[in-house]
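Visitor: Sharing a structure below in structure tokens format, with a few things to ask.
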Amino acid sequence: MDAPSPNKDEERPLGRTASRRLQAVDMMRGLVIALMAVDHASGEFNAGRVITDGAFLFKPGTPLPPAQFLTRWITHLCAPTFVFLAGTSLALSIPRRLRDGEAQLAIDRHLLTRGLVIAGFEVVPSYFWMPPGKYLLQVLYAIGTSFLFMIPLRRLPVPLLVALAAAILCFGEALTGVAGWGPPEKTPLVAALLLVPGPHGRFIVAYPTLYWLATMLLGYGLGAAIARGATPESFRKYLPAVALGLLSAFAIVRGTNGYGNMHLYRDGGSLVEWLHVSKYPPSISYVTLELGLAAAVLWFIGGVVARRPASERNPLLVLGRTPMFFYLLHIPLLALAATALGLAHRLGIGGSFGFAALVTLLLYPVCFFYGRFKSAHPRTVLDYL
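This note's numbering applies: residue 575 is where the sequence shown begins, and numbers increase by one.
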């Protein structure tokens, strides 16, 4: 499994390269992997780190230091991109498996196993980030449980799935009220797992499934279009319009400062206030902003790759093809380094970027050789890493 965006053994060639991948998509994964390393390095080393990304995490009037805020904010692109591209990859892999003669029930078992394994990998970050006996359910939980939902949902028409995704994102804020919006510890467990984040006994639910399932369904729609024969160039030409539409929706929702902001409202007109959107749980303003930016970045990367296909040693390409492997290694490395060096929560923003760059440089050759080894051994246990 290559997660946070799994199922990447399916893509078709790009341009004149022999690679069976959409290089722009893999490089987009690589970019957000690098950004993710910045956030996790900040969590280990940055004494001034701010996490104010949800109504339950932010007390109105709390200062938002621009440099610290933006260091955290640039990493908001990661989770939506991971989940969206996981849906894209899933839509590409299922037709290939069917063409190879795999039965529908076998595909269901594959999704079930893959989803449970992905969600189960949450024990790794929880071991290093949480007190003993506590478990943090975040992006791997969101992807894994969304895969379980995709077992029945993949049989529905793609337009219906996209409409379902839009409905979840548009009405999710209203549903949180019905589900028990309030102090997290009083939220019903089922509501927390699906809609409203919060602590429940041994578990802290940071990524309720339904919002991230909606993002996966949108990515599934893109993958279905590619699977039907769309080329990278044909879908790339629509990305500017998609980006403009999503960013315009963000401007409207954030500007009205009401519904769609998941109770995390602007307290002024500064850039920081405009960008201070709710990730926990994802608001309409958060999703439209991040997916709009992702569409714009993917359009740019696609243009670069179209002019000159990337080398197989390109760092973004290498990281983008081994994201779960990198994910499960970089967290222990950062946590152990912070403890061993006595620098846990004692540095600043520069230290966050420095250690993110260091762990990425250290893991790049490991990821490169692992990626080649995995490609030479398909359909093995390595699919889960």
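Yeah, the Cβ is synthetic: ideal placement off N, Cα and C, and Gly gets one too.
Under DSSP, the beta strand (DSSP E) around residue 710 begins and ends at which residues?
Guide: Residues 709-711.
Visitor: Out of 629, 712, 636, 624, state which residue places its alpha-carbon closest to the alpha-carbon of residue 643.
Guide: Among 629, 712, 636, 624, the Cα nearest to that of residue 643 belongs to 624.
Visitor: Can you confirm whether the region 733-748 touches the region 779-797 when touching is taken to mean that 3 or more C-beta pairs between the two stretches lie within less than 8 Å?
Guide: The region 779-797 vs the region 733-748: in contact.
Visitor: On a Cα-Cα basis, can you pick out the residue from 849, 794, 865, 801 that is closest to residue 818?
Guide: Nearest of 849, 794, 865, 801 to residue 818, Cα basis: 865.
Visitor: Of the residues 861, 672, 769, 879, which one's Cα is nearest the Cα of residue 749?
Guide: Nearest option by C-alpha distance: 769.
Visitor: Report the partner residues of residue 772 according to the DSSP bridge assignment.
Guide: Partner(s): 779.
Visitor: Locate the alpha helix (DSSP H) running through residue 637, then write down its first and last residues.
Guide: Element bounds for residue 637: n/a, residue is neither H nor E.
Visitor: Whole angstroms is fine: what's the gap from residue 609's alpha carbon to residue 701's?
Guide: Spanning the two alpha carbons is a distance of roughly 22 Å.
Visitor: Opposite residue 903 in the DSSP bridges: which residues?
Guide: DSSP output for residue 903 lists no bridge partner at all.
Visitor: What is the DSSP secondary structure of residue 760, counted as helix, strand or coil?
Guide: If DSSP states are grouped into helix, strand and coil, residue 760 belongs with the helices.
Visitor: Could you tell me which residues DSSP pairs with residue 908 in its beta bridges?
Guide: Paired residues: none, contrary to the question.
Visitor: In three-state terms, what does DSSP make of residue 921?
Guide: Residue state, collapsed to three classes: strand.
Visitor: For residue 626 and chain D, any beta-carbon pair shorter than 9 Å?
Guide: Absent from the structure: chain D. Only one protein chain is present.
Visitor: Residue 856 by DSSP, collapsed to three states: which one?
Guide: Strand at residue 856.
Visitor: Tell me whether residue 747 is buried or exposed, calling it buried when 16 or more other Cβ atoms sit within 10 Å of its Cβ.
Guide: When all chains shown are included, residue 747 counts as buried.
Visitor: Just how far apart, CA to CA, sit residue 956 and residue 948?
Guide: Roughly 6 Å separates the two Cα atoms.
Visitor: If you compare alpha carbons, which of 912, 743, 733 is closest to residue 853?
Guide: Comparing Cα-Cα distances from residue 853 to each of 912, 743, 733, the minimum goes to 743.
Visitor: As an exercise, report each continuous alpha helix (DSSP H) stretch of at least 4 residues that is fully enclosed by the region 676-719, in chain order.
Guide: Taking only runs of at least 4 residues, the alpha helix (DSSP H) segments lying wholly in the region 676-719 are 678-694, 697-703.
Visitor: Could you tell me the alpha carbon to alpha carbon distance between residue 793 and residue 863, rounded to whole angstroms?
Guide: Going by the C-alpha atoms only, they are around 16 Å apart.
Visitor: What is the rounded straight-line gap between the Cα of residue 962 and the Cα of residue 641?
Guide: Absent from the structure is residue 962, since the part of the chain shown begins at 575 and ends at 959.
Visitor: So, at 7 Å on beta carbons, what are the nonlocal neighbours of residue 891 in its own chain, with the 5 sequence-adjacent residues on each side left out?
Guide: 597, 600, 601, 604, 884, listed in sequence order.
Visitor: Can you name the start and end residues of the alpha helix (DSSP H) that residue 829 belongs to?
Guide: Run containing residue 829: 813-830, per the alpha helix (DSSP H) assignment.
Visitor: For residue 887, which residues from the same chain have a beta carbon less than 8 Å from its beta carbon, with the 5 sequence-adjacent residues on both sides left out?
Guide: The answer, listed in chain order, is 942.
Visitor: Hey, could you find the ends of the alpha helix (DSSP H) residue 836 is sitting in?
Guide: Where residue 836 is concerned, there is no enclosing alpha helix (DSSP H), given that its DSSP letter is neither H nor E.
Visitor: In terms of alpha-carbon separation, which member of 906, 799, 657 lies closest to residue 704?
Guide: The shortest C-alpha separation from residue 704 is found at 906.
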